[in-house]
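Everything below concerns the one structure shown next.
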Amino acid sequence: MRFVLRKLGFYAIAAWAAVTLNFFIPRLIKGNPVDLFLSRVQATSPPPPEYRRALELQFGVTDDPLWVQYLGYLKNLAHGNFGLSITNYPVPVSTVIAQALPWTLVLVGVSLTITVALGVGLGALAGWKRGTWIDGLIPSTTFLAAIPYFWLALILLFLLGSTLGWFPLNFGYDVSAFAGPEASGAFLSSAIYHGTLPALTIVLSGVAGWMLGMRNMMVSTMAEDYVVMAEAKGLSPRRVMLSYAARNAVLPSVAGFAISLGFVVSGQIATEIVFNYPGIGFALIQAVNSADYPLMQGIFLIISLAVLGANLLVDLLYGVIDPRTRQEARA
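The numbering used here puts the first residue of the sequence shown at 70, with every later residue one more than the last.
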């Protein structure tokens with residue numbers, strides 16, 4: 070319990086810092102949402118004072134002291150109110166995020182699960198059979214980890230999408246067949262087909278790093294006394310590899326998973342931009358191009374809290390897998 074409380078306290082402070090930075094950063098930018106909105110509608114004459122005042126109330130532009138605005142901001146967040154999107158006015162920011170977030174969660178969740186499973190599994194096998202052809206494959210695949218996400222996405226888009234025509238070039242489903250998301254097998258099939266190439270980009274970019282890290286940890290772990298003892302006792306090679314070597318070698322990979330989440334999210338944003346995939350990354354680039362500060366603020370906050378939440382779950386899982394971390398917290 071002490072271990073859990075310490076983790077919860079740390080991430081609560083980190084979440085508060087993210088929320089506070091998300092409040093102050095837009096207010097350091099010149100201009101305000103009302104001026105940006107009026108510049109977008111390209112009014113030929115100055116708007117009436119009452120119209121401007123109504124917009125100020127809608128966008129939360131006030132002359133109140135900063136601390137009063139901060140308290141109001143926290144109150145709005147508690148009610149899930151992120152304000153109105155300038156790009157999609159008068160649609161709330163929360164609605165725009167709710168429409169884009171499921172696409173990103175599915176894309177990142179599926180691709181990251183495949184990446185970690187393949188990387189850890191193949192890395193463990195390569196470390197166990199070091200010196201064989203399986204081990205020799207790892208150096209030839211590490212160059213993929215050095216290629217930026219957007220470059221790899223462009224290469225795959227050109228080769229597999231444009232040249233060979235195996236996959237569609239953009240968007241998350243067939244817009245000519247469906248007016249929008251719907252609960253049907255045909256739409257699900259179309260979404261999987263359109264999401265395969267973006268997911269493949271994320272998998273290829275990350276799997277080599279996981280393989281190399283797990284392989285090196287397996288080689289190091291196999292020299293430990295408890296693995297040598299297990300082999301001397303005559304246990305089956307499979308049991309030694311899974312129960313003794315791989316089980317302990319995977320611990321640093323669990324910690325590395327939490328650290329890599331931020332890089333995966335940034336790469337996912339670049340991938341969505343290349344493929345025009347209707348997720349958080351695509352919504353973010355639209356907000357940047359339109360100077361939609363309320364939408365940018367909401368997306369940044371959601372991404373920050375999502376990464377913190379995922380890191381918290383990984384930290385708690387690490388405490389379950391490795392009891393030594395709980396003992397250190399108790400000490």
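Built from N, CA and C at the ideal position, the CB exists for glycine as well.
Comparing alpha-carbon positions, which option in the options lies nearest residue i?
i	options	result
Leu269	Gly278, Thr184 and Ile349	Thr184
Leu223	Thr340, Glu293 and Thr89	Thr340
Ser373	Thr290, Pro250 and Asn91	Asn91
Asn157	Val376, Leu364 and Ala375	Leu364
Leu176	Gly378, Val296 and Pro267	Pro267
Ile216	Gly278, Ala169 and Leu143	Gly278
Ile261	Ala318, Tyr346, Gly192 and Val73	Tyr346
Leu135	Thr89, Leu77 and Met70	Thr89
Ala84	Leu153, Leu143 and Ser108	Leu143
Gln127	Phe151, Glu293 and Gly178	Phe151
Ser108	Leu97, Leu124, Ile271 and Gly249	Leu124
Which same chain residues, not among the five before or five after residue i, have their C-beta less than 6 Å away from its C-beta?
i	result
Glu119	none
Leu403	Not covered by the structure: residue 403. The range shown for the chain is 70 to 400.
Pro117	none
Leu443	The question about residue 443 has no answer, for the chain in this structure spans 70 to 400.
Trp235	Leu229
Phe247	Phe256
Ala193	Met283, Met287 and Ala315
Residue i: buried (16+ other C-beta within 10 angstroms of its C-beta) or exposed?
i	result
Ala352	buried
Val412	Nothing about residue 412 can be reported from this structure: the residues present for the chain run from 70 to 400 only.
Thr211	exposed
Asp384	buried
Leu370	buried
Tyr295	exposed
Thr173	buried
Gly264	buried
Thr232	exposed
Asn317	buried
Met298	exposed
Gly78	exposed
With a CB to CB cut of under 7 Å and the five nearest residues on each side skipped, what residues in its chain are close to residue i?
i	result
Val276	Thr184, Leu187 and Gly188
Val288	Gly196 and Arg199
Ile368	Ile166, Ile349, Ala352, Leu353 and Ala356
Val343	Phe219, Ala222, Leu223 and Leu226
Glu300	Val309
Could you tell me whether the stretch 203 to 222 touches the stretch 346 to 364, using the rule of 3 or more Cβ pairs below 8 Å?
Between the stretch 203 to 222 and the stretch 346 to 364 there are fewer than three inter-stretch CB-CB distances shorter than 8 Å, so the stretches are not counted as touching.
Per the contact definition of three or more C-beta pairs closer than 8 Å, is the stretch 160 to 170 in contact with the stretch 302 to 311?
Not touching, per the Cβ criterion.
Examine the Cβ distances between the stretch 278 to 292 and the stretch 247 to 259 and report whether three or more of them are shorter than 8 Å.
Judged by Cβ distances under 8 Å, the stretch 278 to 292 makes no contact with the stretch 247 to 259, as fewer than three pairs qualify.
Does the stretch 236 to 249 come into contact with the stretch 308 to 317, if we say contact requires no fewer than three beta-carbon pairs (one atom in each stretch) closer than 8 Å?
At 8 Å Cβ cutoff, the stretches do not touch.
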